[in-house]
Every structure is written in structure tokens, then in C-alpha cells.
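Take a look at the structure below.
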Ligand SMILES: Cc1cc2nc3c(=O)[nH]c(=O)nc-3n(C[C@H](O)[C@H](O)[C@H](O)COP(=O)(O)OP(=O)(O)OC[C@H]3O[C@@H](n4cnc5c(N)ncnc54)[C@H](O)[C@@H]3O)c2cc1C
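Residue numbers (the UniProt record's numbering): 1 to 452.
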């Protein structure tokens, strides 16, 4: 990072930052890219609108007890890219139970949150056989583990709704557990099998079967991002709004930003974006018609994570959503997946999902209503809860229509890679999976550093 001596676009030298690569979005993939580029000897500037790095990774610390609750990312795979990254950051990992972030044993009350009533009969099939059948099928498509580099034509089985696929290949026994891994994607059984395979990947099921998921020894999954913040120092521009992105200048990529200490002009040789590529997330960008057409195809779920108190629900209880009349009792959405006691007395974590984003206020109102329905139905003597913390993870899970898939959507998307000095990473380009996104980002690095 160097400062220039002449003004550009009305910015005086102190407000102009030049760098090799500007990384827009400092969540899972952006932070990884920034640290790796730094280690490859390149200068970086990372921009994020939040006041922290990490995106979907957020650990809530109860001020009274000091207990941590993971609101987002729970675990990573035991693979070299993960181990190397954590070693670099100086953060220790250990094997963890993926089933839940806390340590307290819970009693589950199965409830259909549409009514608040207990569900008395829940489908129970052969989980082991269901998983074996799932693994046998997903193993036919090894390329899905690395990217969206799909064959043409796309195999028909990948294009049928997952509910039909479950019946076709006798996966019934595993549906409940697969749905837990598919949390956040919206109506699970209606999604095309392709997208279920991307989120509930072979790697994720293998890690479950081999019981080698990794989490931080400190029970604080923000630790790697706190370490990255220290390494990047003032090269991480946090609480910063992107005002414009201009990739047409002979000077390089010009990004105007509003930082807490004023407006700055970043001039970079290349751009790595990890911002979820929805048009509403990219105001001020010089997107061309092709980019606009491609990004406007994306459909997303709404996914909301919160911690609530004053619920009236006793500690140690998990109220889990099951559809009373849905196939295999998969929870009906919109609705919470669960209201779950944390390690901190009186605090409950809630994950709420909608087929499309509904806005924070509506999501909060829906969560309150869901908890109150437990009382109306006579299931639990609940009270009106209060939010301790609320995070929107929306837009979550990037999908496109069957028609777009058949007309080569991902070939068009991937053709953007490297054009206009711009590289793209993040969940929309591969999967909602930090470990896999680090692998994906790693593979972009040779092209990014070329010529720098
Ligand atoms: C509840 C939950 C649990 C999860 N559990 C796991 C898990 O256990 N293991 C796992 O591997 N994955 C898990 N995931 C998925 C994982 O979080 C994502 O796959 C990963 O974070 C995606 O990384 P990303 O870089 O694409 O997006 P993000 O991490 O969301 O990063 C995007 C960044 O861009 C920033 N940004 C967005 N718009 C703008 C803008 N206009 N201007 C500036 N900055 C912007 C955001 O603030 C964010 O920091 C979980 C996700 C959720 C929601």
C-alpha cells in the first residue's frame, strides 16, 4: 500500500490508496484471499461494510458468563487447506461434534411451528442405509465437490426435485439428517438435486461419518478472523461502504469508498470480489449488461440467526421443527428450524428460514410469533421473547432456475472470471461451505498474482 503524490478524481494524495489487489467483501472467502495474497507478497486492501471480518462466522459472547454461542459457522473439514490456514493464523483446531455448538445435553420437543403443537409421530427410517445410498449417488458426480463446472448436458438426475430423488434412490432414512446439513437453503425437498448435492456435499457427509469436523479449541470460531484482522491491520477497511467501482480506467480498478474517517479512492491492479453477487449488493459498480443479466438470475433463501431471552422455555430444551403432515416430517418453511437452549442459562438460539428474504423486521416478528404459538397450542408456557442479538444471513444459498441451468448458466458465470481485471469468489460461485470456498479461492490465486 503506497500513497501517491498527485490528486485523482478530486482525491488528494492522503486519500488515495494504491494496492496490488482490492478485495471486496471480507467474509469467509475474501479474508482467505487477502491473507494468502499477503503471504504471496502482494499488497491488499480488504473492504467490508461490517465492523468485523468473517461474514457468516460470528460468535456471540455472553458478557455475564463469558460463554460463547456460534451464530454462524460451526465447523470446518480436516483437510490441508484448512489446517494450513489455521496454522498460518495461529489458531488451534480440534475435532468437534457437528450436531451442535454447545456442550449441554438437550431434550428435544418435536413441534410443528405452524401450529405450535407437538408432533407425536415422526418418520424413522434406516439412517445408515439412507446415507449409504446418498453417498453412492453423490459419488457419481465428483466434479460437484470442486466447482460448478458442469457437463453439457447436465445429468437428468441432478435436475429433478430432491424429494423425487429421495424416493428414486431410497434415501428416505437419511432425509432428516440431510435436511439439517441443508439448513438455510429453503424448502429442502423442492430444490433440484444439484443444489442439495452442492450444499450437502460428499465431503460434508464423509466428515460426519469419519467424525473429524474441526472447530477452534477456544470455542470461538471468530478467532481466525480476529487473527486476520490483526495481520491485515489498517489494510482492512471495516464499516466501509463501497460508493463506486470503475474497472475501465487505465490506472487500474478504481474503488471509491466511504470509511469511518472519510472518503478514499483505492486504485488496484486487480479486484477480487466475494460480495454475494446480487444486483442490490453492487450499487455503484460499472456492471455491463452481461454481468447484470447473469447476476439477476440468482434466487436465494432468507436465513436468520438470533439469540433470544425471556422465552419461558426451560434451559436444556430444544424445540425442533417437524412438519406434522410433510414428507418424512421435513419442517415446513417459512419457519424456525429450532429454538435451542445454549450453554448460557436463559439464552436460546433460533435459526429461521424463508424461501426468499423477507427483511429483518418481518423475520423478527415471525420468530416471536413462532415462540408465542407454543403457548397458544399448550405445548410450553412461553412468554414474548426479546432479542439479545439478531443476524441476517440473507441472501443465502444461490440457485438459478432449471431453464437457466439448461441454458449453460454456470458456463456464462465462470466466463466472467478474470475479465475486466476482476476475479470472483464466494458461495454463489461454488458452495455455502467455508472449507470448499478456501479451496476454490486458492485455485484462483495463480491467475490473480500473474503479472503483479
Ligand atoms: C448459520 C450458518 C451456519 C453455517 N455453518 C457453516 C459451517 O459450520 N461450516 C462451513 O463451512 N460453512 C458454514 N456456513 C456457510 C458459510 O458461512 C459460507 O459458505 C461462507 O461464509 C460463505 O463465504 P462467502 O465469502 O461467500 O460469504 P460471507 O462469509 O458472507 O462473506 C461476504 C462478505 O461480504 C460482505 N459484504 C456483503 N455485501 C457487501 C457490500 N455491499 N459492501 C461491502 N461488503 C459487503 C459481508 O459483510 C461479508 O463479510 C454457515 C452459514 C450460516 C449462515
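Think of the CB as a built atom: it goes at the ideal place given N, C-alpha and C, for glycine as much as any other residue.
- Cβ separation of residue 269 and residue 20, assumed to be a contact under 8 Å, to the nearest whole Å: 5 Å
- Item | Selected residue, minimal CA-CA separation from residue 317, among 379, 368, 301 and 290 | 379
- Query: How is the beta strand (DSSP E) around residue 112 delimited, first residue to last?
  - Reply: 107 to 112
- Do you know offhand how far residue 121's Cα is from residue 325's? 10 Å
- In its own chain, which residues sit with a C-beta less than 6 Å from the C-beta of residue 33, not counting the 5 before and 5 after it? 23, 272 and 441
- Message: According to DSSP, is residue 454 part of a helix, a strand, or is it coil?
- Response: No information on residue 454 is available, as it lies outside the stretch 1 to 452 that the chain covers here.
- Query: Grouping DSSP H, G and I as helix and E and B as strand, with all else coil, what is residue 177?
  - Reply: helix
- Message: Less than 8 Å between the beta carbons of residue 453 and residue 425, yes or no?
- Response: Shown here, the chain extends from 1 to 452; a query on residue 453 therefore has no answer.
- Query: Which same chain residues, not among the five before or five after residue 160, have their C-beta less than 8 Å away from its C-beta?
  - Reply: 168, 192 and 193
- Task: Kindly indicate which residue of 303, 211, 257 and 141 has the alpha-carbon position closest to the one of residue 56.
- Result: 303
- Check whether the Cβ of residue 74 lies closer than 7 Å to any heavy atom of ligand 1, and answer yes or no. yes
- Query: Taking 7 Å as the cut-off, does the CB of residue 207 come closer than this to any heavy atom belonging to ligand 1?
  - Reply: no
- Message: Judging by CA-CA distance, which residue of 181, 158 and 153 is the nearest neighbour of residue 351?
- Response: 181
- Item | Neighbour-count burial assignment, residue 296, 16 or more Cβ in a 10 Å radius | exposed
- Any non-hydrogen atom of ligand 1 closer than 7 Å to residue 191 Cβ: no
- Task: Give, in chain order, every unbroken run of the beta strand (DSSP E) that is at least 3 residues long and sits entirely within the segment 344 to 372.
- Result: Secondary structure within the segment 344 to 372: the beta strand (DSSP E) runs of 3 or more consecutive residues, fully enclosed, are 348 to 354 (chain order).
- Message: Quick check on the burial criterion: 16 or more other C-beta atoms within 10 angstroms. Buried or exposed for residue 222?
- Response: buried
- Just mark residue 95 as buried or exposed, buried being the case when its beta carbon has 16 or more other beta carbons within 10 Å. By the neighbour-count rule (16 or more Cβ atoms within 10 Å), residue 95 is not buried but exposed.
- Message: Measuring straight from C-alpha to C-alpha, what distance separates residue 396 and residue 183?
- Response: C-alpha separation (whole angstroms): 10 Å.
- Item | Between the CA atoms of residue 430 and residue 452 - distance to the nearest angstrom | 26 Å
- Item | Three-state secondary structure (DSSP) of residue 435 | If DSSP states are grouped into helix, strand and coil, residue 435 belongs with the helices.
- With 16 other CB atoms within 10 Å as the buried threshold, where does residue 48 fall? Buried, since its Cβ has 16 or more Cβ neighbours within 10 Å.
- Task: Under 8 Å Cβ to Cβ from residue 27, same chain only, skipping five residues before and after it: list those, please.
- Result: 48, 53, 54, 55, 56, 57, 274 and 426
- Query: If you check the beta carbons only, do residue 305 and residue 393 fall under 8 Å apart?
  - Reply: yes
- Message: Less than 7 Å between C-beta atoms, sequence neighbours within five positions excluded: which residues of the same chain meet that for residue 372?
- Response: 382 and 384
- Item | Beta-carbon proximity of residue 294 to residue 416, cut-off 8 Å | Yes.
- Alpha carbon to alpha carbon, how far is residue 199 from residue 185? Give it in angstroms, no decimals. 8 Å
- Could you spell out the range, first to last residue, of the beta strand (DSSP E) harbouring residue 60? 59 to 61
- Item | C-beta atoms of residue 360 and residue 69 nearer than 8 Å | Judged by beta-carbon spacing, residue 69 lies beyond the 8 Å limit of residue 360, meaning their Cβ atoms are not closer than that value.
- Contact test: residue 128 Cβ vs ligand 1 heavy atom, cutoff 7 Å: no
- Do you know offhand how far residue 449's Cα is from residue 216's? 30 Å
- Task: Could you round the C-beta distance between residue 134 and residue 205 to whole angstroms and report it? I think they count as a contact, below 8 Å.
- Result: 7 Å
- Query: For the alpha helix (DSSP H) that residue 32 lies in, which residues bound it at each end?
  - Reply: DSSP places residue 32 inside the alpha helix (DSSP H), whose first and last residues are 28 to 39.
- Message: Any heavy atom of ligand 1 closer than 7 Å to the beta-carbon of residue 396?
- Response: yes
- Message: For residue 105, count the other beta carbons within 10 Å of its own beta carbon; 16 or more makes it buried, fewer makes it exposed. Which is it?
- Response: exposed
- Query: Taking residue 115 as the reference, which of 357, 420 and 323 has the closest Cα?
  - Reply: 323
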